[in-house]
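Only one structure is covered here, and it is reproduced in the block below.
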Amino acid sequence: MEKVVVDSDILIDFFRASKGFFPQLLYLQEEGKIELYISSITVFELFSGSSSRREEKLLMETISNFRVIAFDGEIAKLAGEKRRDEKLTNPIADFIIGITSIYLQAEIATRNKDHFKGIKGINFFKL
Numbered sequence: 000m001e002k003v004v005v006d007s008d009i010l011i012d013f014f015r016a017s018k019g020f021f022p023q024l025l026y027l028q029e030e031g032k033i034e035l036y037i038s039s040i041t042v043f044e045l046f047s048g049s050s051s052r053r054e055e056k057l058l059m060e061t062i063s064n065f066r067v068i069a070f071d072g073e074i075a076k077l078a079g080e081k082r083r084d085e086k087l088t089n090p091i092a093d094f095i096i097g098i099t100s101i102y103l104q105a106e107i108a109t110r111n112k113d114h115f116k117g118i119k120g121i122n123f124f125k126l
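Quick note on numbering: numbering that gives the first Met the number 0 labels position 54 of the sequence shown as 53, and the sequence is numbered without any gaps.
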């Protein structure tokens with residue numbers, strides 16, 4: 000089964016306008032074609048932008064559809080080494096999300112491919 004790490008932009012589109020690719024991703028997961036993952040960094044980003052208890056409840060329900068991957072020592076080591084060795088300057092949150100997808104040998108679902116520019120080993124899920 001294909002692993003897919005979902006970036007925050009996909010979920011933000013869904014929450015703001017009830018549109019975008021998230022329902023399609025859920026359908027593919029229900030069909031057993033993909034397995035959805037989310038970085039704990041993405042969870043942080045989403046809760047940082049929530050403005051009400053209602054939104055937080057919706058976030059919790061949505062996140063229950065994912066395997067949440069913690070930013071642990073192994074991912075931190077890989078991220079630090081890649082950032083140092085490849086001299087990358089991507090924003091930290093996006094960089095960690097990208098490294099999480101590499102660590103899992105997963106594709107990343109995002110509309111913001113430029114946020115992951117230069118990170119060798121990133122594979123994008125075709126939306």
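Using N, Cα and C, we set each Cβ at its ideal position, and we do this for glycine too.
How about residue i and residue j: are their beta carbons less than 8 Å apart?
| i | j | result |
| --- | --- | --- |
| residue 103 | residue 20 | no |
| residue 40 | residue 13 | no |
| residue 121 | residue 95 | no |
| residue 105 | residue 36 | yes |
| residue 61 | residue 24 | no |
| residue 6 | residue 107 | yes |
| residue 89 | residue 123 | no |
| residue 1 | residue 32 | yes |
With 16 as the cutoff for other CB atoms within 10 Å, does residue i come out buried or exposed?
| i | result |
| --- | --- |
| residue 111 | exposed |
| residue 109 | buried |
| residue 46 | exposed |
Please confirm if residue i has its CB atom under 8 Å from at least one CB of chain C.
| i | result |
| --- | --- |
| residue 94 | You won't find chain C in this structure, because it holds only one protein chain. |
Here's a check: name, in chain order, each residue in its chain whose Cβ is nearer than 6 Å to the Cβ of residue i, leaving out the five neighbours to either side.
| i | result |
| --- | --- |
| residue 38 | 68, 96, 99 |
| residue 75 | none |
Determine which residues share a DSSP beta bridge with residue i and list them.
| i | result |
| --- | --- |
| residue 65 | BP columns for residue 65 are empty, so no partner. |
| residue 86 | Bridge partners of residue 86: none, in fact. |
| residue 128 | What is shown of the chain runs 0 to 126, which leaves residue 128 out entirely. |
| residue 123 | 107 |
If you drop the 5 nearest sequence neighbours on each side, which residues of the same chain put their C-beta closer than 7 Å to that of residue i?
| i | result |
| --- | --- |
| residue 86 | none |
| residue 49 | 55, 58 |
| residue 42 | 62, 67 |
Starting from the C-beta of residue i, find all residues in its chain whose C-beta is less than 8 Å away, skip the five residues before and the five after it, and write them out in chain order.
| i | result |
| --- | --- |
| residue 66 | 34, 35, 36, 37 |
| residue 44 | 7, 92 |
Checklist entry - Can we say the region 26-34 touches the region 74-92, given the rule of at least three CB pairs closer than 8 Å? => result no
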